[in-house]
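Right, one structure below, let's go through it.
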Amino acid sequence: MFEKSATLILFGATGDLAHRMLFPSLYHLLCDGLLPEPFNILASGRSEMDDAAFRETIRKALATYLADEHHDEARVTAFLEKISYCAVSAGEQAHFDALAKRAKALGDGPIAVYLSTPPSLFAPTAQGLAAAGLVDAHTRIAMEKPIGKDLASSKVVNDAIGDLFDEEQIFRVDHYLGKETVQNLMALRFGNRLFEPLWNGGAIDHVQITVAETVGLEGRVSYYDGVGALKDMVQNHMLQILSIIAMEPPARMDSTSVRDEKVKALRSLRPMTPETVRTHSVRGQYRDGAVKGKIIAGYAEELGKDSDTETFVALKAHIDNWRWTGVPFYLRTGKCMPNRQSEILIQFKPVTHSIFRRNGYDRALEPNSLIIRLQPDENIRLCIMAKRPGLDRDGVKLQEVGLDVSLTHAFAGERRRIAYERLLLDLLEGDTTLFVRRDEVEAQWTWIDSITQSWQESGQQVVHYAAGTWGPSAGIALIERDGASWYD
Ligand code: BG6
Numbered sequence: 018m019f020e021k022s023a024t025l026i027l028f029g030a031t032g033d034l035a036h037r038m039l040f041p042s043l044y045h046l047l048c049d050g051l052l053p054e055p056f057n058i059l060a061s062g063r064s065e066m067d068d069a070a071f072r073e074t075i076r077k078a079l080a081t082y083l084a085d086e087h088h089d090e091a092r093v094t095a096f097l098e099k100i101s102y103c104a105v106s107a108g109e110q111a112h113f114d115a116l117a118k119r120a121k122a123l124g125d126g127p128i129a130v131y132l133s134t135p136p137s138l139f140a141p142t143a144q145g146l147a148a149a150g151l152v153d154a155h156t157r158i159a160m161e162k163p164i165g166k167d168l169a170s171s172k173v174v175n176d177a178i179g180d181l182f183d184e185e186q187i188f189r190v191d192h193y194l195g196k197e198t199v200q201n202l203m204a205l206r207f208g209n210r211l212f213e214p215l216w217n218g219g220a221i222d223h224v225q226i227t228v229a230e231t232v233g234l235e236g237r238v239s240y241y242d243g244v245g246a247l248k249d250m251v252q253n254h255m256l257q258i259l260s261i262i263a264m265e266p267p268a269r270m271d272s273t274s275v276r277d278e279k280v281k282a283l284r285s286l287r288p289m290t291p292e293t294v295r296t297h298s299v300r301g302q303y304r305d306g307a308v309k310g311k312i313i314a315g316y317a318e319e320l321g322k323d324s325d326t327e328t329f330v331a332l333k334a335h336i337d338n339w340r341w342t343g344v345p346f347y348l349r350t351g352k353c354m355p356n357r358q359s360e361i362l363i364q365f366k367p368v369t370h371s372i373f374r375r376n377g378y379d380r381a382l383e384p385n386s387l388i389i390r391l392q393p394d395e396n397i398r399l400c401i402m403a404k405r406p407g408l409d410r411d412g413v414k415l416q417e418v419g420l421d422v423s424l425t426h427a428f429a430g431e432r433r434r435i436a437y438e439r440l441l442l443d444l445l446e447g448d449t450t451l452f453v454r455r456d457e458v459e460a461q462w463t464w465i466d467s468i469t470q471s472w473q474e475s476g477q478q479v480v481h482y483a484a485g486t487w488g489p490s491a492g493i494a495l496i497e498r499d500g501a502s503w504y505d
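With the first letter of the sequence shown counted as 1, position 196 gets the number 213 in my numbering; the numbers rise by one all the way through.
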């Protein structure tokens, strides 16, 4: 194990992510004795504030975002004592120098830096830290998504950070990798003998990955407009899930082996062209409707003007390698859908020959499917054919039944943690396995750029769907043309 970082410098500490996720996660880690001792958080934002005022904002955030059973006044106070605050504006070297002085006063162990700021500030912040003498071979730096807005801009960010840090010091965050359920995909595939021999185009007809959200813009309009579902969700979270489903078995569960295999799968994604994008993608935008009985204003209405940003996207992807030739991967994500539901469907092919189809009776068999639900509840369902009880005078009757495993029940009593708890701990301990390597980000952007460029060249517009539905009908047609249907 690497030496633990004893100081965390958090940029963007006044932001929403810090309040909702990062501080509550750090609080949990402290309560469970998982943080190094001593440990200090040096929080930074643009607003001028003293330590006491900042701690008060975090006290309020913890009161809002911690579950009641975890909220303990004495522990909150002990946690707040570990936090100090220093206002920094990117580009103001004197601010970084002042920050460095405070960081050095906290101790001289390795420092971890977390950038929860807009990506335009990543490079200037890292440069300010380096000029203030805060970067050495032991410093770790974590960056929230998005890394750039396309391949070219992601290279600029990665080059600037790479000038100051070696790759193993860089932790690109994709919070989906911190989710137990996403990590469990590897356990399912590589911890069981059962699935891997069938995990290829010989036995699998197609794969579906759905990440449906009930939320809409939630006040994030200034970030979201012009970005859209493809870059906000597919470029990172969904392609990470896809890479874990599609990758070859890594030799070991370590950061190099796992990420080597993921990047190979990502590089095998077939780029889209202005011709293929028409049949292989659908862009949608929600208009007014109702989600779970609540009236929702349309995207354009909330934005206050018309927009061509997609809040829904459905894609048919191909992975051009030996394992996956001929197996489409259908991806779908959207805001304001009827349910919050993230799941993966592995649709197997039919049996090669049915012995049940005889004497003029049609005993059609449903091909097997494996449904892995990641959110909100975690379960795995394998649909198999079983004989219906009976005397079978007119032939054996079969029916599809589910072999269900509720992981929530199987591990009842086990604590389910916030994805960021795991990621922050790995950052402090220097383990990059669950972070995204530069070549992965670039492979992701290469494929995404092929789609955005093809959309531009072919002039593909958003089609509207009512909030509270499963997206535009074109999204349903995208898969039904191939004789399959979305698993809802
Ligand atoms: C974020 C996206 O990365 O992930 C959001 O920017 C999205 O738009 C969120 O809502 C979804 O995360 P989760 O953990 O709620 O599935």
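We treat Cβ as the ideally placed atom computed from N, Cα and C, and that holds for glycine.
Minimum Cα-Cα distance from H297 among the listed residues Y347, D180 and A107 corresponds to Y347. Between A117 and G150, the gap from beta carbon to beta carbon is short of 8 Å. With contacts defined by Cβ atoms closer than 8 Å, I397 and L205 form a contacting pair.
If you draw a straight line from the Cα of S61 to the Cα of A107, it is about 11 Å long.
The secondary-structure analysis by DSSP pairs E417 across a beta bridge with M402. Between the ligand BG6 and D277, a heavy atom-to-CB distance of less than 7 Å is absent. In terms of side-chain proximity, the C-beta atom of Q392 is found nearer than 7 Å to a non-hydrogen atom of the ligand BG6.
For D323, the closest alpha carbon among the candidates A23, V308, I221 and D242 is that of D242.
Inclusion of F139 and I178 in the CB contact set at 8 Å is warranted, their separation being smaller than that value. In this structure the region 318-336 touches the region 270-289; the number of beta carbon pairs closer than 8 Å is three or more. Set against 7 Å, the gap from the CB of H254 to the closest heavy atom of the ligand BG6 is smaller. Shown here, A91 sits in a helix according to DSSP, grouped into three states. Placement of the Cβ of E230 at a distance of less than 7 Å from at least one heavy atom of the ligand BG6 is found. For the region 215-302, the full-length beta strand (DSSP E) segments reaching 3 residues or more read 221-229 along the chain. Listed in chain order, the non-local C-beta contacts of P53 below 6 Å within the same chain comprise K21 and A23, local neighbours out to five positions each way being set aside. With fewer than 16 other Cβ atoms inside 10 Å of its own Cβ, Y240 counts as exposed. Boundaries of the beta strand (DSSP E) harbouring G306: G306 to V308, taken from the DSSP string.
In summary, I312 is exposed, with fewer than 16 beta-carbon neighbours lying within 10 Å of its beta-carbon over all protein chains present.
In this structure, L34 lies near E161, with their beta-carbon atoms less than 8 Å apart.
As summarised for the region 126-199, the continuous beta strand (DSSP E) elements at least 3 residues long and confined to that stretch are 128-132, 157-160 and 187-189, given in chain order. When C-beta atoms of the region 154-171 are compared with those of the region 77-90, fewer than three pairs fall below 8 Å, so the two segments do not count as touching.
Close CB contacts of N253 within its chain, under the 8 Å cut and outside five residues either way in sequence, are with K162, P163, D191, Y193, V453 and Q461 (chain order). With fewer than 16 other Cβ atoms inside 10 Å of its own Cβ, P55 counts as exposed. In the DSSP annotation of this structure, L408 is not part of any alpha helix (DSSP H), being labelled neither H nor E. Of the residues assessed, P266 falls on the exposed side of the cut-off, its CB having fewer than 16 other CB atoms within 10 angstroms. In the three-state reduction of the DSSP assignment, K311 falls in the strand class, which pools E and B.
Taking C-alpha positions only, L399 is separated from Y482 by approximately 32 Å.
For K366, the three-state secondary structure derived from DSSP is coil.
The Cβ atoms of G492 and G301 sit closer than 8 Å to each other.
By the CB criterion at 8 Å, T469 and L215 fall outside the cutoff. Just so you know, the alpha carbons of F188 and V232 end up roughly 28 Å apart. For the ligand BG6, no non-hydrogen atom lies closer than 7 Å to the CB of K309. G306 places its beta carbon 8 Å or farther from that of T156.
Distances from the CB of M354 to the heavy atoms of the ligand BG6 are all 7 Å or more.
E327 sits buried, since 16 or more C-beta atoms from the chains shown fall within 10 Å of its C-beta. Secondary structure note for Y316: its alpha helix (DSSP H) is the uninterrupted segment Y316 to L320.
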